[in-house]
Structures are given as C-alpha cells and as structure tokens.
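*Asks:* The number in our numbering is simply the position in the sequence shown, starting from 1, with 36 added.
C-beta: ideal position from N, C-alpha, C; glycine also.
Treat the numbers as computed from the prediction; the structure is a model and nothing was measured.
Can you keep this structure in mind? I'll have questions shortly.
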Amino acid sequence: MEQRAGGRPNILFIMSDDHAAHAMSCYGSRINRTPNIDRVAEEGMRFDHCFCTNSICAPSRAAILTGVYNHINGVRTLSDRFDGSQQTMPKLLQQHGYQTAIVGKWHLGHGGESDPTGFDYWDILPGQGDYHNPAFIRGGEKRVVNGYATDIITDLSIDWIRNRDKDRPFFLMCHHKAPHRPWIPDEKHARLYEDVEIPEPETFNDDYSNRASAAAAAEMRIDRDLTKKDLKIDPPEHLTGAALKSWKYQRYIKDYLRCIASVDDNVGRMLDYLDEEGLADDTIVVYTSDQGFFLGDHGWYDKRFMYEESLRMPFIIRYPRHIRPGSVDRHMVLNTDFAPTFLDYAGIPVPEEMQGRSFRQIVEGERPEQWRTSMYYRYWMHMSEHAVYAHYGIRTEQYKLIYYYADALGTKGSTDDPKPPEWELFDLKKDPYEMINVYDDPDYARVVELLEKELYRLQEEVKDEKYERPDSLHSR
Ligand code: CA
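Right under this line is the structure:
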C-alpha cells in the first residue's frame, strides 16, 4: 500500500461530552454495547489510563487544544473565557499545511477573542447547544439546523471532509454535544432499553462514610438532586426511599445510554465514510470524551471529582499502518498529551511550552525509556454548581492522594465559602472503588510522606502553586 503524498496522516478526532469509559463495551461496560466505537479499539489501541487534568468541560477542552494545564491556558473554570491568541495545536497544524476544522461543541465562549482560532472552518454550537434543532455558528453567523445534534454534527463533518482539498492532510475535531445533561435522546433510540433493567453500580448506595467531608457535601445525588428536567416525568407517587432512587437511576441512565447509542451509530457512519473514500489507512481516528462521568457510582451523576469514574477519559486510537489491532495500554497519558502527540504525527516540532508529551511511541507499541508514573490534577470550582470542594492531588499506579483545600481563592466560577481542608488517600489496589480513606492509617504513614513529596514536586514541575491557607481562615 502506498502512503499518500507527503506521508502525513489525516487526523479525525471524535470527542463526545461526558461519555464515561464504563459506558463503552470495549472498556467492559456492564450496561450497554457500543459496537461502532468498539471498532476503533478492535482495529487500534485502547488506553486504560488516560486521565484528565481537571474533570470539567471547558477546562478539558482548553487543555486538549493547548497541551498545557488550566492555570497556564487560563481556563480553570467554566466562567473563564478562552484566549484564542495563545498557541494551540490546531494553529500549528494549520501553519504547517494541514486543513483544519472543528464541528460541534466548542464550549469555550464565542464572539471576539474566544472564537475558534487555527481552524480553516468552524461550525459550532453556542454554549451547550440544543439536542433538537440546534443553532450553529459558522464564521460568526448563527442559524438553526433542523434535526438531532449528533446526526447534524456528523453530517457537517462528513461534508467538510468531502469538500476538502485532497492534496493536503486534514485535521478535524468532530465534537458531539451528547451525552451531556439533560440527556435527550432522538426518536430512533427513544424506546431503547424500555423493557430492560440496567444494573446498578457496586457503589450505588455509598453512604460517604470513611471519606473526607467533600463526598457527602456534593450535590449530585441520583436520589436527591436530579430534577424534573433530567427525569422528564414525575415519579410514580407510591415510590419512596430505595425504590424511588432506583426508579430515578433507570430514568437517568437509560436516557444517557440512548444518547450514546446515537453517538455510536454516528461514529459508525464516520468510519464507513472513511472506508468508502479509501481514507481509512491514512487517517488516525481517535474517540475520546472530555472527561469521565458518574453513572450512579457513589450514588451520583456528574463529574468534577478526582475519583476514578470522573478522572478517567476513554481514549481509543486507530491508525492501521502503525497500530497493532486490539492493543491495550496502561501507560498514564493525559489530555495535555493529545496536542504533542498529534503534532508529532504531523511531523511538527512540539513547542517547549507544551507541558504534555507525545505518546506516539506508546501508540506504536514501543516502551519509552522514561514515562510518568504519577499525574497531577486540580479542580478549581469551589462550591459552584454541585457543591464540590476545590481540590488537587496526584494519582500513581497504586495510590491516589487528594487534598481538598476547599477555598475559592477569588477564582471566577467559584464560591467564596471556604471549608476546613482535608486529605484523602486511597489504595487503588485494595480499594478500587475508593471507599476507604486511609490517609490517617499509621500503616500508610510512609506512603503519605512519599506521595506528598511527589505532589509538591509535580506541582512545581507544572508551574502550579501550593495552596497556602490565608491567616484569616485559620480562626474560622
Ligand atoms: Ca464534559
């Protein structure tokens, strides 16, 4: 097979919004099947330890575009606007001859300095966008497109590929809005799962004991915090307690999975299109999501926490010329690594300033000499929607150390309502569901010492600052 002129691959980056890995059958889902998405993993590689550096929409998108942490790219919270004048991976690809496009959810503000930059073509949903008959903004012009968002985003993406300049490689970000709250399925999938009971997760009835206060304080509980808009109908009047909670879970998870079924169909359409056009061999296809999500885990929906279900991003990648089909990898890769990896594949030098690192070698089945054995995480939106305490921490292969500094620090998008700081340590080997905080267990004193040291080392390495409690708070 001849590689196309120039030898640089096309890159099709498909990202959905809030699609947790444990709702993909290639990751062993117990609750649904995603046959089309699975094709990418079966014909390529699945990453089991891909993590986001801040589990929330806009910040993760900013990290992906820039290859740097949120305290560097300026999008720490949902209230920060993205400064499009900074260096980004799409800009570099564009400057080096790639045709670049983004279609679908942008979610980094629009108008003026927050409009997408580095793209030859952009056609985006304003804000969260709508599931049905969504408005799109193209080159500053807003219009309504009739239909279902996931189908339309795929149609527009395929149209753009079809009309591209065939002499140059392309980079396309196809960003689905689904399966983001409020989880509104299309007609085709509206009755899927109607007659089945979706299994509840192991930690569905977590009582938040043996943890720092943050878990109990969070307002994202299936039994208490889902709204009428989420559930769409009123619960049967006779239901109370555990039965009512189970009913709400079924309402929530079925709509979430129905939205995913449509994403899965549309990923299938994209893959089929690449096949028909003879593009499959020369195109890197990635499927990922901006972060994970709680699917009833810990009794929750939503994300934000550094706990596994939210921290973990699905990441599967196919490139037939270079990836052994059905590969699985457990190196720790981060959303800040995506930009350097794509630049690497495009033969473009990775700027010094990028904090992520290309994992191309790993994708191609090699073992890099030195690779990270710990990662740094920070969630800034103290006591904003869902009342999650601000925290930072590190994850290693076996442990996770979290520090809830629990202070807004004047950050836009946070609430000035400080709480006493607390630590959590989980032994992921013994306690994969993170149910027992062993921070104060004397058996782990040495581990705590080492991990704290590593936390501050990493924090310094990524140029973030250690939290120092203001004197005024010590007396509260
Ligand atoms: Ca998201």
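1) Should Asp326 be listed as close to ligand 1, given that the test is whether its C-beta is under 7 angstroms from any heavy atom?
2) If you compare alpha carbons, which of Leu437, Asn68, Leu48 and Ala426 is closest to Glu236?
3) Go to Ala252, then tell me how far its alpha helix (DSSP H) extends in each direction, as first and last residue.
4) Cβ of Cys93 versus every heavy atom of ligand 1: is any distance shorter than 7 angstroms?
5) Relative to ligand 1, is the shortest distance from any of its heavy atoms to the C-beta of Asp53 smaller than 7 angstroms?
6) How should Ser245 be labelled, buried or exposed, when 16 other C-beta atoms within 10 angstroms of its C-beta is the threshold for buried?
7) For a test of the three-state rule: what should DSSP assign to Asp54, helix, strand or coil?
8) Count the other C-beta atoms from every protein chain shown that fall within 10 angstroms of the C-beta of Asn182, then say buried if there are 16 or more, exposed otherwise.
9) Taking the runs of the beta strand (DSSP E) that are 3 residues or longer, which of them lie wholly in the segment 48-121?
10) Is any heavy atom of ligand 1 found at a distance shorter than 7 angstroms from the C-beta of His216?
11) What did DSSP end up calling Tyr309 once you bin it into helix, strand or coil?
12) Leaving out five residues on either side along the sequence, give the residues of the same chain with a beta carbon under 8 angstroms from the beta carbon of Glu38.
13) Note down, in chain order, each residue of its chain lying with its Cβ closer than 6 angstroms to the Cβ of Val299, except the 5 sequence neighbours on either side.
14) CB Leu457 to CB Tyr440, shorter than 8 angstroms?
15) Asp463 to Lys436, Cα distance in whole Å?
16) Give me the residue from Ser121, Leu379, Met471 and Glu388 with the minimum Cα distance to Arg247.
17) Considering only residues of the same chain and omitting the five flanking positions on each side of Ala41, which have a CB-CB separation below 6 angstroms?
18) Going along the chain, which residues of its own chain have a beta-carbon closer than 6 angstroms to the beta-carbon of Thr239, five neighbours each way excluded?
19) Report buried or exposed for Tyr513, applying the criterion of at least 16 other Cβ atoms within 10 angstroms of its Cβ.
20) Go ahead and label Asp311 buried or exposed: buried means 16 or more other beta carbons lie within 10 angstroms of its beta carbon, across all protein chains shown.
21) Give a yes or no on whether the C-beta atoms belonging to Ile320 and Leu494 are separated by under 8 angstroms.
22) Alpha carbon to alpha carbon, how far is Lys448 from Ala250? Give it in angstroms, no decimals.
23) What do you get for Arg44, buried or exposed, if any count of 16 or more other CB atoms within 10 angstroms of its CB means buried?
24) Using a Cβ distance threshold of 8 angstroms, determine whether the segment 89-98 contacts the segment 321-331, with at least three qualifying pairs required.
25) Are the segment 60-77 and the segment 385-400 in contact at 8 angstroms, needing three or more beta carbon pairs?
26) Apart from the five residues just before and just after Ala297, which ones in its own chain have a Cβ nearer than 7 angstroms to its Cβ?
27) What is the DSSP secondary structure of Gly148, reduced to helix, strand or coil?
28) Going by CA-CA distance only, name the one from Arg179, Phe341 and Trp459 that's closest to Val487.
*Replies:* In short, the structure shows the following:
1) In the sequence shown, the residue the question calls residue 326 occupies position 290. Yes - ligand 1 has a heavy atom lying nearer than 7 angstroms to the Cβ of Asp326.
2) Residue numbering aside, residue 236 sits at position 200 when the sequence shown is read from its first letter. Minimum Cα distance to Glu236 is reached at Asn68.
3) Here the question's residue 252 lines up with position 216 in the sequence shown. Taken as a continuous stretch (DSSP letters only), the alpha helix (DSSP H) holding Ala252 covers Ser249 to Ala253.
4) The residue you call residue 93 lines up with position 57 of the sequence shown. Yes; taking the cut-off as 7 angstroms, the Cβ of Cys93 has a heavy atom of ligand 1 nearer than that.
5) Here residue 53 refers to the residue found at position 17 of the sequence shown. Yes, the Cβ of Asp53 comes within 7 angstroms of a heavy atom of ligand 1.
6) Here residue 245 corresponds to residue number 209 of the sequence shown, with the count starting at 1. Counting every other CB atom within 10 Å of its CB across the protein chains shown gives Ser245 a total below 16, marking it as exposed.
7) Mapped onto the sequence shown, residue 54 falls at position 18. Coil.
8) Here the question's residue 182 lines up with position 146 in the sequence shown. That one is exposed.
9) 81-83
10) As a working mapping, residue 216 is identified with position 180 in the sequence shown. Within the cutoff, so yes.
11) Position 273 of the sequence shown, counted from the first residue, corresponds to residue 309. Helix.
12) The count along the sequence shown starts at 1 and reaches residue 38 at position 2. Because the pLDDT of Glu38 is 42, which lies under 50, any placement of that residue in the model is unreliable, and the number read from its coordinates should be weighed accordingly. Excluding its 5 nearest sequence neighbours in each direction, Glu38 has no C-beta neighbour in its own chain below 8 angstroms.
13) Position 263 of the sequence shown holds residue 299. Result list for Val299: Ser52, Thr186, His212 and Ala214, in chain order.
14) One-based indexing of the sequence shown puts residue 457 at position 421. One-based indexing of the sequence shown puts residue 440 at position 404. In the sequence as presented, Leu is not what sits at residue 457; that position holds Pro. Yes. Within cutoff.
15) As a working mapping, residue 463 is identified with position 427 in the sequence shown. As a working mapping, residue 436 is identified with position 400 in the sequence shown. Straight-line Cα distance between these residues: approximately 7 angstroms.
16) By one-based count along the sequence shown, residue 247 stands at place 211. Of the listed residues, the one whose Cα sits closest to Arg247 is Met471.
17) In the sequence shown, residue 41 corresponds to position 5, counting from 1. With a pLDDT of 44 at Ala41, under the threshold of 50, the modelled position of this residue cannot be trusted; read the value that follows with caution. So the list is empty, once near-sequence residues are dropped.
18) Locating residue 239 in the sequence shown gives position 203, where the first residue counts as 1. Taken in chain order, the residues that qualify are Asp333, His334 and Tyr469.
19) With the chain running from 37 to 512 in the structure shown, residue 513 is simply not present.
20) As a position in the sequence shown, residue 311 is number 275, starting the count at 1. Exposed, by the Cβ-count rule.
21) If you number the sequence shown from 1, residue 320 lands on position 284. If you number the sequence shown from 1, residue 494 lands on position 458. Not in contact: Ile320 and Leu494 (Cβ atoms no closer than 8 angstroms).
22) What you label residue 250 is simply residue 214 of the sequence shown in a count that begins at 1. What you label residue 448 is simply residue 412 of the sequence shown in a count that begins at 1. Taking the straight line from one Cα to the other gives about 20 angstroms.
23) In the sequence shown, residue 44 corresponds to position 8, counting from 1. Arg44 is buried by the Cβ-count criterion.
24) yes
25) no
26) Position 261 of the sequence shown, counted from the first residue, corresponds to residue 297. His225 and Leu228.
27) Stepping through the sequence shown from its first residue, residue 148 is reached at position 112. Helix.
28) Position 451 of the sequence shown, counted from the first residue, corresponds to residue 487. The residue asked about is misnamed: residue 487 is Leu in this sequence, not Val. Selected option, being the one with the closest Cα: Trp459.
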